[in-house]
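Structure record follows, encoded as structure tokens.
In our numbering, the protein residues as written are 54 to 240.
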């Protein structure tokens, strides 16, 4: 029995070696499948760009007191455009100083853009408790003014020069001294 096992094994190996080669698969008339081509990136003009504040921004909106606010009507003066919200503690803290700046400097005007979802009567009630000397405009956070960058944080203050050109932007709380320093540096 032991003699037959090596002979059997040798015969199997010989038969395996004599096995005919597999026939190649017939060539197809179809070209070989290719990996899918990755989608080309969208052209730059189709990709929404981050909004930036225009060099000469415009702003025409209705103020909380019912008056019309038009930024271009304030040419000849420095204009402080302050994005803020009632729920923002640093915003509320800077309001009295911006109000004093607006009242005490004839060459500087301030406008507050309330960047929040709030109704005019609610804002009027807030302003009764926190009065300011400058106009307040409620801005829809889902549709902010087109000529201004969408605020990434509050408060956000833009300083517009007497010719209507954006002179400087401040992210975070600002003081009257910061604004006056920037005005002096621009002269």
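C-beta atoms are modelled at their ideal positions from N, C-alpha and C, and glycine is treated no differently. None of the values given here were measured: they were computed from a predicted structure.
{"Asked": "According to the Cβ coordinates, are residue 107 and residue 200 closer than 8 Å?", "Found": "yes"}
{"Asked": "Would you call the region 191 to 208 and the region 155 to 174 touching, i.e. three or more CB-CB distances under 8 Å?", "Found": "yes"}
{"Asked": "I need the DSSP call for residue 71, collapsed to helix, strand or coil.", "Found": "With a pLDDT of only 44 at residue 71, under the threshold of 50, the placement of this residue in the model should not be trusted, and no figure is reported."}
{"Asked": "Ordered along the chain, which non-local residues of its own chain (more than five positions away) have a Cβ less than 7 Å from that of residue 138?", "Found": "144, 167, 168, 169, 207"}
{"Asked": "At which residues does the alpha helix (DSSP H) containing residue 142 begin and terminate?", "Found": "142 to 157"}
{"Asked": "Once the 5 residues before and after residue 171 are set aside, which same chain residues still bring their CB inside 7 Å of it?", "Found": "139, 191"}
{"Asked": "Which residues mark the beginning and the end of the alpha helix (DSSP H) in which residue 181 is found?", "Found": "173 to 182"}
{"Asked": "Could you pull out every residue in the same chain whose Cβ sits closer than 7 Å to the Cβ of residue 156, ignoring the five residues on either side in sequence?", "Found": "186"}
{"Asked": "Where residue 104 and residue 212 are concerned, what is the direct C-alpha to C-alpha distance, given to the nearest angstrom?", "Found": "17 Å"}
{"Asked": "With DSSP collapsed to three states, give me the class of residue 162.", "Found": "strand"}
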